[in-house]
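Right, one structure below, let's go through it.
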Amino acid sequence: MSDRKIKIIQSNKDLEYTEIEVYYQKEHYGCWALWLLLITLIIYFYNIFFLIHLLIFTAIRIIIFLWEYEYRFQIKPVLIINEKHIKYKRNIYSWQNIKNLCCYEEYDSESDRFNAMYIKFEYKNLKPKIYISGLTKSKDEISQHIALHKDNERTKVKV
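As structure tokens, then:
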């Protein structure tokens, strides 16, 4: 089974603002660090090879964590949708160059369910994929803004 396509439908109600800024959900990193320290101490007395494996896993997790430093600690918006463009992290996609914009639910074969939602489109020679699950705004609200600006861009008359 593959990802499921979802139709983006604009709601009847008018949105009171034309720009939306979306941030990462606030996460509690101190908790997993304390649990990791406790597990490290227990594994140290059990088997040194498990400890090495755990430390490698921890190093990878720290690298991933620091990769997102700008958006998690400096509290910058991850996604901005307005009448001019979609801005995702450092990439800006103008509406006039976006083609075939669709919303999908990602299928996880291990758990046999749909677990994440993303938007996918063609932009010049790129095919970006922007995940909209797990952010501060709901998936429905983000998709409503996408529908609002996508429809507005189509109806504009270019001079």
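By the numbering used here, the letter at position 146 of the sequence shown is numbered 1020, and the numbering carries on one by one without gaps.
No residue lacks a Cβ here, since even glycine has one placed at the ideal position from N, Cα and C.
| Asked | Found |
| --- | --- |
| Pick from 986, 990 and 957 that is closest to residue 1014, judged by C-alpha positions | 990 |
| Rounded straight-line distance, which links the Cα of residue 957 to that of residue 1031 | In this prediction, residue 1031 scores a pLDDT of 38, lower than 50, which makes its location untrustworthy; no coordinate-derived value is stated. |
| Exposed unless 16 or more other CB atoms sit within 10 angstroms - verdict on residue 920 | exposed |
| C-beta contact flag for residue 975 and residue 993 at 9 Å | yes |
| Residue 1005 in three-state terms, based on DSSP | strand |
| Simplified DSSP assignment, three categories, for residue 897 | coil |
| Own chain partners of residue 892 with C-beta closer than 7 Å, once the 5 adjacent residues on each side are dropped | 956 and 957 |
| Span separating the alpha-carbon of residue 1024 from that of residue 1005 | 18 Å |
| Every unbroken beta strand (DSSP E) inside the stretch 973 to 1021 [3 residues or more] | 987 to 997 and 1003 to 1005 |
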